[in-house]
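Student: Protein chains in written order, with the numbering used here: chain A, 1 to 401; chain B, 402 to 1397.
Once you've had a glance at the structure underneath, I'll fire off some questions.
This is how it looks when you write it as C-alpha cells:
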C-alpha cells in the first residue's frame, strides 16, 4: 500500500507578520500534484492542520478545497488534530464522514476506531488508527476504558483509577496504543497509527509550540511498538526512527529561521504485504526560501555576494559597531522580504550572562569613584579622593548606628 | 513572596466562602484567571492587595467591600497565606462594613480588623493584631509599600505600562524604595553641610582680620589725635614710636623740677621742728613745779605703811593657831560620839574598851591598849568563820545522801515487783511453747492423713466415672465381638461360595477319571455347581479384610476393657467403702486438723524466743534490786557521819559568840570599833602638838611689837596700807621726780640754742612740691599710654600676618570641598547627583535584564535605554527611558510605542525589575506576578513570544497569574482559576480550564 505522509501545514500562520497564505496554497498544490501522480492509496495529514484554534477564513477554505482535491484521486484521506488545532472544531463532522473515504479525527475517545483502507494492489486491507493530539485535560477521560495500562507512579493506582491527576504524554500515548492494540488484535491486519507528539530522540526547532505549557513531554518509541507504520506530526523537520517504521514528514514550508537549512518534503511510504515499509522523500521546493545574511549594512546593501537572497525571506545580522540609521528601510529596498534585523553585537550580548553594573558586591566607595569617573571623565586627584573616601566612611558609620 | 492560600468570604462579588489554593497551581506555574466580564477576576487581585495593605486599588470605599449578595450576617473577610523569607504567614483582614441588625430592621456597622500570624510546624504564633500594627509589620516584612507592590508584583488593569510610562520623578521614587541609595544621598548632604560650614568659618576669619585693622585705627586716633581712614600698620607703628620718645623727654624734665622743690621743703621742715621742741619743754617744767607739795605728803604715808607691813605677820599668828585648835577639838568630840554609839550597839565589846570613859578624850596609852585587844579579837573571829563554813557543807552532804538513800530503796522495790511479774508470764509462755512443740511433732502425721484422705476422695470420684467407662467398654467389646463374629461368618460363607465357584469351575473342567488338580482324586462325586452369584477372589478378600478389621477392633475393645478392669479394681481398693460425701468430709476434717496444728507449730519459734526474753528480764531485775539496796546502805552511813561533824562545829562557835548572833555581825562591829579607837589615838597626839605651837606664837608677837615704832597693836594695824595702793603711791612719786629731771635735760640740749624767733612756713613749701608731683604723674601716664599702644601694634602686626595666611588656606580647602559637594549633588553643568546616578545605575541594570526578555519577545528589534545625562537639568533628569528601535536605529520616546509594543516593553520591564531586585541582595523576593489584561493588544506571533517568555520565568520557581479573556491563551494554558457569575454572587473553581 502506498501512503503519502504529510503534516504540520499550519494554515493561517504568519511569518513575522507577513501572511504565508499564498505560499501555503502553492505548497498544497504541489502536494495535490504529487498525490495525483503517484497512485496513492492513503493520504495522511498528521496534525497541526491550522496554526490556531480559530483559523482565518481563507485558511479553512484552502483546507477544504485541498482535501476535496486529494480525495478526488480515490485515495483515502485521514487527518488528525494537532496541538495547534481545536480538536473539537476540526473533527466536528468526522462521524458523518464515515464511509466517505475522508476522516478528520479530533475526538480522542475514537482513536481506537479503525479506518480500513483497501489498497489498489488488492492485498489485505490495512487498519488505520488516527490518534488526535492527546491534550492532557481531555485525554484521560477519553481514554478511560477497561484496558488498563500500568501507569503507577509513586504508589499511584492504575490509570483508570486516577481521577484528576495529570498524566504525561508518554503515559497517555501508551494508554491510547493499548486500546488500539486491543482492537487490532481482533482484526489481524496490517496497521498504521497516526499521532501528533514529540518522540524521544527527535530534534526540534524554534517554531514548534510546546505540547503542554512549560513541559517538553517526550514519548518513548516503545509506546508505539507493534504497529507497522507510525506517521507522526509535530516536529517541523523530517526525521525517522527505527529505520523508517516511525517517521515525521516535516512541514511543507519553513516556518522559522531555524528551518532555514531544512529540505521540505512529503514522505511516500510503500508498505509491503508483510508490513515492512520503505520510504521515499519527495522534495516540495515551494515557497520563499529563508536566508540569514551577515555583514555590515554597507556590505549587505552593495555586495553582490548577497544577490542570491534578494527574493528570499531574509534575516539580517549586522556587524556594524554602531546602530545604523533606518537600517530596515534600506535593507528592504534591496530585500523586499526582509523580516528580521539584528545586530551581531546584540546577539552576542544576549547570549552572554548578564552582569549588572550595580553589582552588590562592589563597595560603596568603589561605586562613588565610578560615579566620579563617569561624570568628570577623569580620576579624582589625591585631595578629592581623600575627601570622597572620608565622606563614604563617615556616612557608612553614621548609617550603621 | 509566594502565595499559598487565599480565602474570601462575603467580599466583593463573592457571596459565600471561596478558597484558592495557589500551591495546586504552583506546579503549573503559569495559570489563567478567567471568567465573564464583571465576574470578579480583577477583584481577586484586589483581594490580595486588600489582605496585605488594607486598601483596594482603584480607591473603592471600604464600606462597600462587603458583598451585596452576602447571606444573613456574614462578615466580610479576606485571609491570605503566603511564604516570605522562608517563613509562612497568614494575614486576615475585615473591612469596616454594614450588617443587617440582629433584631428588627435597619443596619448596624461592623468594625474593621486585621491580624497577622506566623505558621510553623509547631503551630501558630501571633505576630501582630490591629490594623496599624499589622500594616507596619507587613511593610517591614515585604519591604514594599502598597504603591510599590502594585507596580512590582500585582500589575493591575490598565497600569501595566505605568513603570514604562512613569515620569522620572515617580520612577525615582519607585527605584529609591527598591534599592537602598540612602547612603549616597547622605554622602551628598554631608558634603554640602561641610561646604556650608567651611564658608561660615571663612567668614569669621575675614571678620577677625577686619577687627584687627579697626583696632589699629583706633589706637592711632587715641595716641595721635589724628583720624586715619585705612592706616598702614607700619606707618602707624613708626608714628607711635616718634610720639613715645617725645613723651619720655617730657617726663625726665618734669622729674628734675620736682627734685629741686623737694630739697627746699625738707630744709624748712627741719628748722620748724627744733623750734617746736623748745617751746614744749618750757611749758612742761612749769606744770611740774606746781605739783611738788602734794607729792611730799604721799612720801610720808608710804614710809609708815612699810614699817607696819614688816610686823603684820607676827601680830596675826597667835589668833590663827587658836582657831586650828578649836576646830580639832570639835572633831574629837564628834568622833567620841560615834564611839559611844558603836560601843552601845556592839554585840561584844572587849574589856579594855568597855572600861574607858568616853565622855571626854581618854589617855593615849589607854586608847592604844584597847586598840590592840580588839585586833586580837578579830583574828579569832576569822577562824570561827571557817568553822561555820565547814558545818554548812557537812549539813548539805547530809541532805544529799538522804535523797540518794530513798531513791535507791524505791528502785529496789520496783525491780522486785517486775521480777515477780516476769516470772508469772514465763510460766504461761513455757506452757504454750510445750503445746506448740507437740503440735509441730504431730504435723507430719497429720499431713500424711490429709494426703490419704485426699487420695481416697479422688479415688472415689474417679471410680464413678471409671465405672461408667467400664460399662461402655464392656458394651463396646460385646458389640465388637458380635460384629466380628458376624463378619467372620460372612467371610467364611463367601469363601465357601468362592471355593464352590472355583470348584465349580474346576468341576466343569473335570472329567471323569481325570485327576483333580486339587485333591488328585479321579472320582468326582459331588461336583460343585457353578453358581450364578459366585463371588470373586477379590470379593472374598474384601470380606476377609473386613472381618480382620473388626477382629482387631475386638482386640482393642477387649484390651480397653481389661485396662479399665484394672483401673476399677485399683480405685476400689483405694476408695474403700466410703462414698463421695464421706470422703469429702474426711478430707475436710483432715485439712482442718492439719491447719490447726500448722498454726500452732508456727508459733513455736516465737514462743521459745519469748521464754528466753523473760528469763533474761527476771535475771536483770534481780541484779538491779541487789545493787540498789547496797547503795541505800552506804548512803545511810554517810548521813550519820556528816551529821556528827556539823553538830560539833556548831557547838564550838556558840561557845565564843553565844547562840543569838552570827559571826559576821560580830566581826563587822569589831572592825568598826578598831577603826574608832585607832582614830581616837591619832586625835590625842595631834591635840598636844597644836597646843604647844600656839604658845610659841604669842611670845613672838610680843617681841616684835616692842621693837617697832608703834605703841600698840591698834596703831600697827592702822598704819597698814594695801599692797596695790602702796605700789601706786610709789609709782606716782617716782614719776614726778623723773619728769622733772627729763625736762631740765631737754632745755639744756645743744641743738636748741640758735633758733629764729618766729615759726617757719611749712605749708607753702609742701604745696609747691605737690603741684610739681602732679605734673610729673600726668607726663608719666601719657608716656605709658604711648608705649602700650606701640606694643599692642606690634602684636597686632604679627597676628595679622598669621590670620591672612590661614585665611588663604581655608579658602583653598573650601573651594575644593564645594567642588566635590556640588559634583555629588549634581549641580555642575547639567550633570546628575550621586544618588541619582546610583539609581540610574540600577535602572540600567533593570533595563539590562529587561532587554534580554525584550530581545526575545521582539525578535531583537527593541531595547530599552536609560538616559544618563540630564537633558534639561532639574528633577527629572538622569532616569529617562527611551526605546531603541533596531530597524531605524533611532531612540524613541516610550509613548510612541503601539499598544502591543508597549505591552511587550512593559512586561519586559516589570520582569526586569523583579530580576534586578532579586539579584541585588535578594532583599525582596518576588516569587509571584499577576498580570491583569493587556494581552489583547498582541497579535498571534507576539502573543506566542510573550507566552514563551513568561514560560521561561517559571524555571525560577515563579508563579505567574494572568487575567485575560484572550481565547488563544485559553488554548495554551489549561490550569487556572475560573470565576462564575450568577444572580447570587460569584463562585470560584480552581483546576483545569477547558479550552473554549
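A virtual CB, placed ideally from N, CA and C, is assigned to each residue, including glycine.
#1: For residue 27/A, would you say it is in contact with chain B, using Cβ-to-Cβ distances shorter than 8 angstroms as the test?
#2: Name the residues in the stretch 1360-1372 of chain B whose C-beta lies less than 9 angstroms from a C-beta of chain A; which are they?
#3: Taking any Cβ of chain A, which residues in the stretch 1286-1298 of chain B have a Cβ under 9 angstroms from it, in chain order?
#4: Could you tell me which chain B residues have their CB closer than 7 angstroms to the CB of residue 395/A, listed as they occur along the chain?
#5: Give the range of the beta strand (DSSP E) segment to which residue 1263/B is assigned.
#6: Residue 278/A: which of 269/A, 284/A, 128/A sits nearest, CA to CA?
#7: Taking C-beta pairs closer than 9 angstroms, name the residues in chain B that residue 340/A reaches, listed in chain order.
#8: For residue 802/B, list the residues DSSP reports as bridge partners.
#9: Kindly list the residues whose CB is nearer than 7 angstroms to the CB of residue 1188/B, restricted to its own chain and excluding five residues on each side of it in sequence; keep chain order.
#10: Count the other CB atoms, across all protein chains shown, that sit within 10 Å of the CB of residue 152/A; report buried if there are 16 or more and exposed otherwise.
#11: Starting from the N-terminal side, write out each stretch of the beta strand (DSSP E) that is 3 residues or longer and does not extend beyond the stretch 288-350 of chain A.
#12: For residue 417/B, name the three-state secondary structure that DSSP assigns.
#13: Suppose only complete runs of 4+ residues qualify. What are the alpha helix (DSSP H) ranges in the stretch 729-797 of chain B, listed by chain order?
#14: Expressed to the nearest angstrom, what Euclidean distance is found between the alpha-carbon atoms of residue 535/B and residue 529/B?
#15: My understanding is that residue 407/B touches residue 449/B, with C-beta atoms under 8 angstroms, so please give their C-beta distance in whole angstroms.
#16: By DSSP's criteria, residue 518/B is part of a beta bridge. Which residues make up the other side?
#17: Quick test of the definition: if touching needs 3 or more C-beta pairs under 8 angstroms, does the stretch 1193-1211 of chain B touch the stretch 564-580 of chain B?
#18: What are the residues that DSSP puts in a beta bridge with residue 481/B?
#19: Against chain A, does residue 1221/B count as a neighbour if the rule is that its beta carbon must be under 8 angstroms from one of theirs?
#20: Interface residues of chain B around residue 392/A at Cβ under 7 angstroms?
#21: Does residue 131/A come out as helix, strand or coil in the three-state DSSP assignment?
#22: Closer than 8 angstroms is the cut-off here; do at least three beta carbon pairs connect the stretch 364-384 of chain A with the stretch 1296-1311 of chain B?
#23: Please report the straight-line C-alpha distance between residue 1226/B and residue 1280/B, rounded to a whole angstrom.
#24: Pull up the distance between the alpha-carbon of residue 203/A and that of residue 1302/B, whole angstroms please.
#25: So, residue 1026/B versus residue 811/B, is the Cβ gap smaller than 8 angstroms?
#26: Roughly how many angstroms lie between the CA atoms of residue 48/A and residue 9/A, to the nearest whole one?
#27: Looking only at its own chain, which residues have a Cβ that is under 8 angstroms from the Cβ of residue 627/B, when we skip the five neighbours before and after it?
#28: If the cut is a Cβ gap below 8 angstroms, which residues of chain A does residue 1238/B touch?
#29: Looking at chain A, which residues of the stretch 1309-1320 of chain B have a Cβ within less than 9 angstroms of any of its Cβ atoms?
#30: On the CB-based measure, 16 or more other CB atoms within 10 Å of its CB, does residue 1384/B come out buried or exposed?
#31: Measure the CB-CB distance between residue 1378/B and residue 421/B and report whether it falls below 8 angstroms.
#32: I'd like the span of the alpha helix (DSSP H) that includes residue 644/B, first residue to last.
#33: In whole angstroms, give me the CA-to-CA distance for residue 892/B and residue 906/B.
#34: Give a yes or no on whether 8 angstroms exceeds the smallest Cβ distance from residue 169/A to chain C.
#35: Are the CB atoms of residue 132/A and residue 105/A within a distance shorter than 8 angstroms?
#36: For residue 32/A versus residue 71/A, is the C-beta distance shorter than 8 angstroms?
Tutor: Let me lay it out:
#1: no
#2: 1368, 1369, 1371, 1372
#3: 1286, 1287, 1288, 1289, 1290, 1291
#4: 584, 587, 588, 591
#5: 1263-1268
#6: 269/A
#7: 1260, 1261, 1262
#8: Paired residue(s): none; residue 802/B is not in a bridge.
#9: 645
#10: Low confidence applies here, because residue 152/A scores a pLDDT of 49, under 50, leaving its location unreliable; read the following figure in that light. Counting Cβ neighbours within 10 Å, residue 152/A comes out exposed, since fewer than 16 surround it.
#11: 290-295, 313-318, 338-343
#12: strand
#13: 752-755
#14: 5 angstroms
#15: 6 angstroms
#16: 491/B, 527/B
#17: no
#18: 407/B, 492/B
#19: yes
#20: 588
#21: coil
#22: no
#23: 15 angstroms
#24: 32 angstroms
#25: no
#26: 6 angstroms
#27: 621
#28: 371, 374, 375
#29: 1316, 1317, 1320
#30: exposed
#31: yes
#32: 634-691
#33: 20 angstroms
#34: Checking the listed chains, one finds no chain C in this structure; the protein chains it contains are A and B.
#35: yes
#36: no
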